[in-house]
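Residue numbers (my numbering), protein chains in the order written: chain A, 1 to 252; chain B, 1001 to 1175.
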């Protein structure tokens, strides 16, 4: 089984330790070894918000230097930023380790994970993160207009994805804080998911997780790793699943 | 939406529009409007219109305003749906650095995140009880050594971004 360098980014270790626990539980359940990228910095998403490309590239050059082998990301902003930086640096002749988003790892290990996992029976509204899918010619992860990785990953743990109108739209989390649109987009997304009868919203991006959670008073918003960890036998409370959501699973 | 913040002169505004012609395949745009119909932000705020913003650059030497460039959600749907591989998103990102290099600041929330990376390596503060929770969950300590932090900070100094931001701070940009 491949060993990965685990790039956790900023939000997961500092705001969502339960997601980190879940990721580590999922990886160890299939015997995947990881090495820590101690001293890694923020990936400086969107070329450091567009503010300064030189700093963005330098920070990620440094991040790459801390990796031993293929990098696994657990936030899609990180994936996009590292992938963009890698392509930029590759042009100068250096060879860097590949970068893989968490959902691609699940997809590659779908058979083994599926065999080990219990079926959860949840109805999930998928939040496809923008930076995992687009620009599709660069990301090359999934079909940008009809993405299938998240849907298949949920199938493998007995969850059904419910169609909803805002499935492919942006959560708004990267819009500047002073703009009202930031909130409008998140609320629209949550109400679309609620309208579709979902038990929860599922994402693989820590920014979507943060922003949508802030605007979802009733419907739980979770990282896909949390559902996987639950399906693979982790304690619900250790991977941050609220009693409300867990009760929905228990009732199935 | 107002004009470029910070009172840039007419000449500077024109130069900025000309700089942006080089970004995101702007010159390939044939004004079909696919970007605007795809744009998530436009669907909630019709005043943000990527086709019109590119038209301004191509036709009237008018760059997007400071407010415009920070409205982009960077969702990438404009580029994905464009038949000419024009990226309004990349044009907006490029314009942000031009505004910073000119006489505008950057929005407070982004400045706070950048300052946080400079001083801690993370873009967000480490939550108060997070170290305790991490311990209870059996997760390794969050630690960036002084040497690592010095390397990170140095990248901001080397690029000149740190002094640019600190120099700008205190300028009259309350919005």
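In this text, a Cβ means the ideal position worked out from N, Cα and C, and glycines have one as well. None of these values were measured; they are calculated from a predicted model.
**Study point:** Same chain, Cβ closer than 6 angstroms to residue 1075 (chain B), five either side skipped, listed in chain order
**Key:** 1040
**Study point:** Three CB pairs or more closer than 8 angstroms across the region 107–126 of chain A and the region 152–160 of chain A
**Key:** The region 107–126 of chain A, when compared against the region 152–160 of chain A, does touch it at the 8 angstroms Cβ threshold.
Practice item. Determine the DSSP secondary structure at residue 10 (chain A), reduced to helix, strand or coil. Key: coil
Practice item. With DSSP collapsed to three states, give me the class of residue 101 (chain A). Key: strand
Practice item. Flag residue 203 (chain A) as yes if its beta-carbon sits less than 8 angstroms from any beta-carbon of chain B, otherwise no. Key: Not an interface residue.
Practice item. Answer with buried or exposed for residue 24 (chain A), where buried requires no fewer than 16 other C-beta atoms within 10 angstroms of its C-beta. Key: buried
Exercise for review: For residue 1084 (chain B), decide whether its Cβ has a neighbour in chain C, counting only Cβ atoms nearer than 8 angstroms.
Suggested key: The structure shown contains no chain C; its protein chains are A and B.
**Study point:** beta strand (DSSP E) segment containing residue 1078 (chain B), residue limits
**Key:** That residue, residue 1078 (chain B), is in no beta strand (DSSP E); its alpha helix (DSSP H) goes 1077–1081.
Check your understanding: Should residue 163 (chain A) be labelled buried (16 or more other beta-carbon atoms within 10 Å of its own) or exposed?
Key -> Residue 163 (chain A) is exposed by the Cβ-count criterion.
Exercise for review: Report the rounded CA-to-CA distance for residue 166 (chain A) versus residue 99 (chain A), giving the unit in angstroms.
Suggested key: Roughly 28 angstroms separates the two Cα atoms.
Exercise for review: Taking 8 angstroms as the cut-off, decide whether the C-beta atoms of residue 1114 (chain B) and residue 1165 (chain B) are in contact.
Suggested key: Contact: yes.
**Study point:** From A:127, A:41 and A:133, residue whose alpha carbon lies closest to that of residue 1077 (chain B)
**Key:** For residue 1077 (chain B), the nearest C-alpha among the options comes from A:133.
**Study point:** Spatial distance of residue 169 (chain A) from residue 239 (chain A) (CA atoms)
**Key:** 27 angstroms
Exercise for review: May I have the straight-line CA-CA distance separating residue 1052 (chain B) from residue 184 (chain A), to the nearest angstrom?
Suggested key: 22 angstroms
Exercise for review: Assign residue 160 (chain A) to one of three DSSP states: helix, strand, or coil.
Suggested key: strand
Review point. So, helix, strand or coil for residue 36 (chain A), using DSSP?
Key: strand
**Study point:** Below-8 angstroms beta-carbon distance, residue 1032 (chain B) vs any chain A residue
**Key:** no
Check your understanding: Which partner residues of residue 5 (chain A) appear in the DSSP bridge assignment?
Key -> The secondary-structure analysis by DSSP pairs residue 5 (chain A) across a beta bridge with A:35 and A:71.
Practice item. Could you list the residues in the region 169–196 of chain A with a C-beta less than 9 angstroms from some C-beta on chain B, going in chain order? Key: Here the close residues are 169, 170, 171, 172, 173, 174, 175, 176, 177, 178, 179, 180, 181, 182, 184, 185 and 188.
Review point. Straight-line CA distance for residue 182 (chain A) to residue 197 (chain A)?
Key: 24 angstroms
Point to revise | Per DSSP, the bridge partner or partners of residue 223 (chain A) | key: A:203
Review point. Which residues in chain A sit within 8 angstroms of residue 988 (chain B), going by Cβ to Cβ distance?
Key: Past the edges of chain B, shown from 1001 to 1175, lies residue 988 (chain B), and the structure says nothing about it.
Check your understanding: Can you name, in chain order, every residue of its own chain whose Cβ lies under 7 angstroms from the Cβ of residue 211 (chain A), other than the five neighbours on each side?
Key -> 171, 172, 173 and 186
Practice item. For chain B, find out if any of its Cβ atoms is closer than 8 angstroms to the Cβ of residue 34 (chain A); answer yes or no. Key: Answer no: the Cβ-Cβ gap between residue 34 (chain A) and chain B never drops below 8 angstroms.
Review point. What residues from the region 204–234 of chain A come within 7 angstroms of chain B, judged by C-beta to C-beta, listed N to C?
Key: none
Practice item. Please list, in chain order, all residues of the same chain as residue 1025 (chain B) whose beta carbon is under 6 angstroms from its beta carbon, the five residues on each side excluded. Key: 1085 and 1086
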